[in-house]
Amino acid sequence: MIPPVGPWRAQERWYRWADDIGYDVAYTYDHLTHATAPGMWLSEAFTTLTAAAGATERVRLGTLVASAVFRTPVTLARVAMTVQDIAGGRLVLGLGAGAPTCALADHGVRDEPRAMAARFADVVRGYSAVLDGATDWEGSTLSFHGLETIAAPSGTPRPELLLAAHGPRALALAATHADTWNTYGGPGSTALDADEYWDLLGRQADGFVRACAEAGRAPTSVRRSLLLGFGRVRPTTSVGEYVAAAERADALGFDELVVYGPDSPAGMDSDPAVHERALSRLR
1 MIPPVGPWRA
11 QERWYRWADD
21 IGYDVAYTYD
31 HLTHATAPGM
41 WLSEAFTTLT
51 AAAGATERVR
61 LGTLVASAVF
71 RTPVTLARVA
81 MTVQDIAGGR
91 LVLGLGAGAP
101 TCALADHGVR
111 DEPRAMAARF
121 ADVVRGYSAV
131 LDGATDWEGS
141 TLSFHGLETI
151 AAPSGTPRPE
161 LLLAAHGPRA
171 LALAATHADT
181 WNTYGGPGST
191 ALDADEYWDL
201 LGRQADGFVR
211 ACAEAGRAPT
221 SVRRSLLLGF
231 GRVRPTTSVG
241 EYVAAAERAD
251 ALGFDELVVY
261 GPDSPAGMDS
271 DPAVHERALS
281 RLR
């Protein structure tokens with residue numbers, strides 16, 4: 001995770017570094033405002049990934065996550081497929097319900113959780129409808145009509161769709177539509193100690209299995225991604241902590257472990273050598 005903080009010339013080095021040392025994906029997040037970055041510059045996620053595509057050769061590039069509170073189906077599909085085209089198929093489109101603070105910053109209203117969940121579902125379903133070639137679509141909170149353009153450049157496949165989900169409604173949405181499910185534990189998890197946190201993740205993983213069963217999908221057909229570092233569990237403090245976290249994530253069935261890069265705000269910084277040595281042990 002490379003937060004979009006500061007000018008591009010400061011961010012670029014970390015994308016090149018992630019590409020060079022062997023990370024599989026370099027993510028950025030999609031916020032208009034954030035408590036970890038007061039008084040800082042946050043760049044726009046998809047524009048940043050477009051620049052990162054030109055600065056890297058191998059590493060996949062993703063949003064973790066694009067925010068449904070200010071994204072809409074047609075514009076999301078357009079920007080995602082543009083980055084996918086420019087990056088040569090390396091985009092991972094991560095999408096989540098978003099944050100109430102971003103809703104407030106975008107349209108002056110602090111959205112309630114139920115309204116955010118309904119909009120999230122509409123953005124996911126509407127985005128898929130665009131890529132399926134729909135010209136008109138109606139959701140419960142969003143719609144589009146009269147779309148005359150095609151969904152993607154010729155020969156460009158749709159990107160991997162990663163959905164962030166923590167509660168029952170979002171888990172059901174991910175179980176139905178996602179290529180990959182992601183969690184960081186959800187609101188409130190950042191205050192938990194390590195044992196409580198891993199117990200919570202175990203319950204979420206069990207909930208996702210049940211959601212897949214209800215959706216008629218094999219749980220193994222959906223990849224599982226875990227973001228660590230925003231709460232009290234910070235794996236990049238040492239190689240031992242990193243490897244131990246990877247082992248615990250693997251035991252819970254997660255396929256992907258996402259950690260914060262060395263130059264992250266809010267005290268999430270770490271020594272690049274920790275990442276490099278940990279990766280060499282985990283490969």
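Under the UniProt record's numbering, the sequence shown has 94 at position 94, and the numbering climbs by one with no breaks.
Even glycine gets a Cβ: it sits at the ideal position worked out from N, Cα and C.
Any idea what DSSP makes of Thr183, helix, strand or coil? Indexing the sequence shown from 1 puts residue 183 at position 183. Thr183 falls in the strand class under three-state DSSP.
6 Å Cβ shell around Leu76 - same chain, five flanking residues per side excluded: As a position in the sequence shown, residue 76 is number 76, starting the count at 1. Cβ within range, chain order: Tyr127.
Ala164 versus Arg232, Arg248 and Ser67, residue with shortest Cα-Cα distance: As a working mapping, residue 164 is identified with position 164 in the sequence shown. Nearest to Ala164 by C-alpha distance, out of Arg232, Arg248 and Ser67, is Ser67.
Which residues in the same chain have their Cβ closer than 6 Å to the Cβ of Glu256, if we skip the five residues on either side of it in sequence? Within the sequence shown, the letter at position 256 stands for residue 256. Excluding sequence neighbours, Glu256 sits near Ser225.
Cβ-based neighbour list, Met268, same chain, cut-off 6 Å, excluding 5 preceding and 5 following: Your numbering for residue 268 matches position 268 in the sequence shown. Closer than 6 Å at Cβ, skipping near neighbours: Gly229 and Tyr260.
Based on Cα-Cα distance, which residue from Gly185, Ala273, Gly133 and Gly62 lies nearest to Gly231? For the purposes of this step, residue 231 is taken as the residue at position 231 of the sequence shown. Comparing Cα-Cα distances from Gly231 to each of Gly185, Ala273, Gly133 and Gly62, the minimum goes to Gly185.
Using three-state DSSP, classify Leu131 as helix, strand or coil. Mapped onto the sequence shown, residue 131 falls at position 131. In the structure shown, Leu131 sits in a helix (DSSP, three-state: H, G or I).
Counting beta carbon pairs with one atom in the segment 4-19 and one in the segment 240-250, are three or more of them shorter than 8 Å? No, the segment 240-250 does not touch the segment 4-19.
Inside the segment 79-159 only - beta strand (DSSP E) runs reaching at least 3 residues: Secondary structure in the segment 79-159: the beta strand (DSSP E) runs of 3 residues or longer, each lying completely within the stretch, are 91-96 in chain order.
Expected contact under 8 Å - CB spacing of Asp19 and Val59 to nearest Å: Reading the sequence shown from its first residue, position 19 is the one you call residue 19. Reading the sequence shown from its first residue, position 59 is the one you call residue 59. By a beta-carbon distance limit of 8 Å, Asp19 contacts Val59. Their separation comes to about 4 Å.
Using CA coordinates, which residue listed in Trp181, Ala251, Ala87 and Asp111 is at the minimum distance from Pro157? Your numbering for residue 157 matches position 157 in the sequence shown. Among Trp181, Ala251, Ala87 and Asp111, the Cα nearest to that of Pro157 belongs to Ala87.
Straight-line Cα distance separating Gly207 from Ala134: Taking the sequence shown and counting its residues from 1, the one referred to as residue 134 is at position 134. Taking the sequence shown and counting its residues from 1, the one referred to as residue 207 is at position 207. Rounded to the nearest whole angstrom, the CA to CA distance from Ala134 to Gly207 is 32 Å.
Whole-angstrom Cβ separation of Leu32 and Ala105, contact assumed at under 8 Å? Numbered from its first residue, the sequence shown carries residue 32 at position 32. Numbered from its first residue, the sequence shown carries residue 105 at position 105. Yes, they are in contact, since the Cβ atoms of Leu32 and Ala105 sit about 4 Å apart, within 8 Å.
I'd like to know whether the C-beta atoms of Thr101 and His34 end up nearer to each other than 9 Å. Walking along the sequence shown from the start, residue 101 turns up at place 101. Walking along the sequence shown from the start, residue 34 turns up at place 34. With respect to the 9 Å criterion, Thr101 and His34 are classified as neighbours on the basis of their beta carbons.
Please state if the CB of Val123 and the CB of Leu95 are separated by a distance shorter than 9 Å. By one-based count along the sequence shown, residue 95 stands at place 95. By one-based count along the sequence shown, residue 123 stands at place 123. In this structure, Val123 lies closer than 9 Å to Leu95 by Cβ.
In terms of alpha-carbon separation, which member of Arg169, Arg210, Leu173 and Val233 lies closest to Trp198? By 1-based counting over the sequence shown, the position of residue 198 is 198. Looking at the Cα atoms, Val233 is the closest of the given residues.
Jot down the residue ranges of each uninterrupted beta strand (DSSP E) in the segment 187-254, minimum 3 residues, whole runs only, in chain order. Whole beta strand (DSSP E) segments, 3+ residues: 223-227.
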